[in-house]
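Chemist: Sharing a structure with you now.
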Amino acid sequence: MNILIFGASGATGRHLVAQAIEQGFHVTAFVRNPGKLTLKHSRLRVVLGNVTNYGLVKKTVKGHDVVFSALGASSPFKYDECIAYGVQNIVRSMEESYVDRLISMSFIGVKESRPQGGFVIKYIAPVLLHTEIKLHQEIEYLIKRSALNWTIIRPSTLSNGPHSGVYRIGEYVSATTPVSLISRADVADLMIRQVKDSSYIRTAPAIMY
Numbered sequence: 002m003n004i005l006i007f008g009a010s011g012a013t014g015r016h017l018v019a020q021a022i023e024q025g026f027h028v029t030a031f032v033r034n035p036g037k038l039t040l041k042h043s044r045l046r047v048v049l050g051n052v053t054n055y056g057l058v059k060k061t062v063k064g065h066d067v068v069f070s071a072l073g074a075s076s077p078f079k080y081d082e083c084i085a086y087g088v089q090n091i092v093r094s095m096e097e098s099y100v101d102r103l104i105s106m107s108f109i110g111v112k113e114s115r116p117q118g119g120f121v122i123k124y125i126a127p128v129l130l131h132t133e134i135k136l137h138q139e140i141e142y143l144i145k146r147s148a149l150n151w152t153i154i155r156p157s158t159l160s161n162g163p164h165s166g167v168y169r170i171g172e173y174v175s176a177t178t179p180v181s182l183i184s185r186a187d188v189a190d191l192m193i194r195q196v197k198d199s200s201y202i203r204t205a206p207a208i209m210y
């Protein structure tokens with residue numbers, strides 16, 4: 002199976018690439034900064050580019066079975082309209098290329114998921130992270146209005162903890178502590194599982210410990 006990962010050189014994207022290779026998939030990593038992706042493998046192809054380049058995005062999408070997006074702003078305090086534009090390019094390219102499975106990362110705090118977060122997500126994040134929330138609301142809107150078979154994963158507060166494979170997931174799962182954590186490695190684990198699991202198609206489950 003051929004999978005394509007946008008944002009592959011990011012903190013979560015690198016876990017996605019590594020775990021997808023471990024699972025035996027053929028992986029295309031679409032990156033803006035190849036220096037951040039040091040993994041080398043015979044089943045890994047790296048494409049250097051920017052998601053704002055529609056022609057390159059569409060050319061890269063063709064021939065893949067599943068597309069992942071781990072795109073996000075470089076700073077949680079800055080609204081990066083290029084990311085939203087890039088997601089729009091990804092969705093359009095997939096629809097025009099008849100590639101219909103998209104698995105994208107968002108985060109708890111967007112739209113109806115806010116009450117699922119702990120104290121920090123409910124009351125502090127809307128003040129400190131309002132630009133990031135705005136960006137991910139726009140990304141989710143672009144994906145949800147499409148005809149794709151999408152799954153949006155909403156992690157709680159991200160950490161650099163280990164890959165455990167043990168976590169809580171669901172559309173209604175809620176935090177039990179003021180700050181509910183989840184490692185980037187486990188977010189990648191859940192996203193990779195969606196390749197063969199149709200339970201969450203066209204839904205946006207949360208993930209946390």
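For the sequence shown, position 13 (counting from the first letter as 1) is numbered 14 according to this note's numbering, and the numbering increases by one without interruption. Glycine included, each C-beta is placed from N, C-alpha and C at the ideal position. Small disclaimer: the values here were computed from a predicted structure and weren't measured.
Is the beta carbon of L103 sitting closer than 9 Å to the one on L45?
Modeler: Taking the first residue of the sequence shown as 1, we reach residue 103 at position 102. Taking the first residue of the sequence shown as 1, we reach residue 45 at position 44. Not a contact, by the Cβ cut-off of 9 Å.
Chemist: CB-CB under 6 Å to N34, same chain, minus the five flanking residues each way: which ones, in chain order?
Modeler: Position 33 of the sequence shown, counted from the first residue, corresponds to residue 34. Contacts found: S10.
Chemist: With distances taken Cα to Cα, identify the nearest neighbour of I189 among S70, L57 and N3.
Modeler: If you number the sequence shown from 1, residue 189 lands on position 188. A small fix is needed here, since residue 189 is Ala in this sequence, not Ile. Ranking S70, L57 and N3 by Cα distance to A189 puts S70 first.
Chemist: At the level of alpha carbons, what is the spacing between V18 and V111?
Modeler: As a first step, residue 18 is located in the sequence shown; it is residue number 17 there, counting from the start. As a first step, residue 111 is located in the sequence shown; it is residue number 110 there, counting from the start. The alpha-carbon atoms of V18 and V111 are separated by roughly 26 Å.
Chemist: Run through DSSP, which three-state label would L45 get?
Modeler: Residue numbering aside, residue 45 sits at position 44 when the sequence shown is read from its first letter. Reduced to three states, the DSSP call for L45 is strand.
Chemist: Alpha carbons only, please: which of G36, K41 and G171 is nearest the one belonging to E23?
Modeler: Residue 23 sits at position 22 when you count from the first residue of the sequence shown. Of G36, K41 and G171, the residue nearest in Cα terms is K41.
Chemist: May I ask which residues mark the beginning and end of the alpha helix (DSSP H) holding H137?
Modeler: Your numbering for residue 137 matches position 136 in the sequence shown. Segment H131 to K145, the alpha helix (DSSP H) holding H137.
Chemist: Determine the burial state of I84: buried for a count of at least 16 other Cβ atoms within 10 Å of its Cβ, exposed for fewer.
Modeler: In the sequence shown, counting from the first residue as 1, residue 84 sits at position 83. Flag for I84 reads buried.
Chemist: From V196 to G14, what does the alpha carbon distance come to, in whole angstroms?
Modeler: Mapped onto the sequence shown, residue 196 falls at position 195. Mapped onto the sequence shown, residue 14 falls at position 13. Using only the alpha carbons, I get a separation of about 16 Å.
Chemist: With a 10 Å radius around its C-beta and 16 neighbouring C-beta atoms as the bar for buried, classify T204 as buried or exposed.
Modeler: Walking along the sequence shown from the start, residue 204 turns up at place 203. By the 10 Å Cβ count, T204 comes out exposed.
Chemist: For N3, which of helix, strand or coil comes out of DSSP?
Modeler: Here the question's residue 3 lines up with position 2 in the sequence shown. N3 falls in the strand class under three-state DSSP.
Chemist: DSSP three-state call for V100: helix, strand or coil?
Modeler: Numbered from its first residue, the sequence shown carries residue 100 at position 99. DSSP places V100 in coil when its eight states are reduced to three.
Chemist: For F31 and G50, which I take to be in contact (beta-carbon distance under 8 Å), what is that distance rounded to the nearest angstrom?
Modeler: On the sequence shown, residue 31 is found 30 positions in, with the first residue counted as 1. On the sequence shown, residue 50 is found 49 positions in, with the first residue counted as 1. That belief holds up - the Cβ atoms of F31 and G50 are roughly 6 Å apart, short of 8 Å.
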